[in-house]
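The structure appears below as C-alpha cells.
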Amino acid sequence: MMLMPRRNSFDLFDDFFDDGLFNKNTKNLMKTDIRETKDKYLVDVDLPGFEKENINLSLDKGYLNISAKASKEEKNEDEKFLHQERFYGECSRSFYVGEDIEEKDIKAEFKNGILKIEVPKKELNNQNKEIKQIEIK
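Every number in the numbering used here is 1241 more than the matching position in the sequence shown, counting from 1.
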C-alpha cells in the first residue's frame, strides 16, 4: 500500500483553471508532506488560520478525507480592502490509505496551524466501509 493524494479524472480541466485568475487563493492551501517509516505514514498538512473545530477528518471506502472551513472576519463599515490574500471558504483533500484502515487506527493532532496525522501500514483487503469520523486532538 502507498499513501497517495487523490487525483481528479479531469486534470485537463483543473489545469486550465489553475492560472492564478480562477484559483488565486487556493493553490497554497493544504500543503502536505507525507513521510514513511517502517510501520506507518506521517502526514503533515498546513492549515494556518483555521480553527480545530472547523477541520473535519473522515474515512470513506479507503480514502482519508480532510476538509477545513475558514470564515471571514467581521470588518467595520468604514473599512475597505486594498489588497486581500488570505483564504476564506472551504477546502479539502483526499488520500487513499487502504480499505483495511479503520478510524481507530488513525491518530490526528492539530497544533500551531499544522494537522499531524499518523496512518499505520496495513495489507489491502478491499472491503467497503461506511464513512467514519476521526477525532482530532
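C-beta atoms are modelled at their ideal positions from N, C-alpha and C, and glycine is treated no differently.
None of these values were measured; they are calculated from a predicted model.
- Length of the line joining the Cα atoms of Ser-1335 and Glu-1359: 15 Å
- Item | Best match in Tyr-1337, Pro-1361, Glu-1376, Lys-1352 for proximity to Glu-1305 [C-alpha to C-alpha] | Checking the sequence shown, residue 1305 turns out to be Leu, not Glu. Shortest Cα-Cα distance from Leu-1305 to any of Tyr-1337, Pro-1361, Glu-1376, Lys-1352 involves Tyr-1337.
- Cross-strand partners of Leu-1210 (DSSP beta bridge): Coverage of the chain is limited to positions 1242 through 1378, which leaves residue 1210 absent and any answer about it impossible.
- Over the uninterrupted beta strand (DSSP E) stretch that includes Arg-1351, give me the two end residues. First, the residue type needs correcting, since residue 1351 is Phe and not Arg in the sequence shown. Unbroken beta strand (DSSP E) run through Phe-1351: 1348-1352.
- Going by DSSP, what residues sit across from Val-1338 in a beta bridge? Val-1338 has no beta-bridge partner at all, per DSSP.
- Task: Within its chain, find whatever has a CB closer than 6 Å to the CB of Leu-1356; leave out the 5 residues flanking it on each side and keep chain order.
- Result: Val-1286, Leu-1288
- Query: Looking only at its own chain, which residues have a Cβ that is under 6 Å from the Cβ of Phe-1263, when we skip the five neighbours before and after it?
  - Reply: Model confidence at Phe-1263 stands at a pLDDT of 43, short of 50, so the residue's coordinates are unreliable; what they give is reported in the following sentence. Once the five neighbours on either side are set aside, Phe-1263 has no close Cβ partner at all.
- Message: Counting beta carbon pairs with one atom in the region 1317-1328 and one in the region 1277-1286, are three or more of them shorter than 8 Å?
- Response: no
- Identity of the residues DSSP links to Ser-1333 by a beta bridge: Ser-1308
- Message: Rounding to the nearest angstrom, what Cα-Cα distance links Pro-1361 and Tyr-1282 in this structure?
- Response: 6 Å
- Please state whether DSSP places Glu-1359 in a helix, a strand or coil. Judged by DSSP in its simplified three-state form, Glu-1359 adopts strand.
- Count the other C-beta atoms from every protein chain shown that fall within 10 angstroms of the C-beta of Gly-1354, then say buried if there are 16 or more, exposed otherwise. exposed
- With distances taken between CB atoms, is the gap from Lys-1316 to Tyr-1329 smaller than 8 Å? no
- Item | Span of the beta strand (DSSP E), counted from its first residue to its last, around Thr-1273 | 1273-1277
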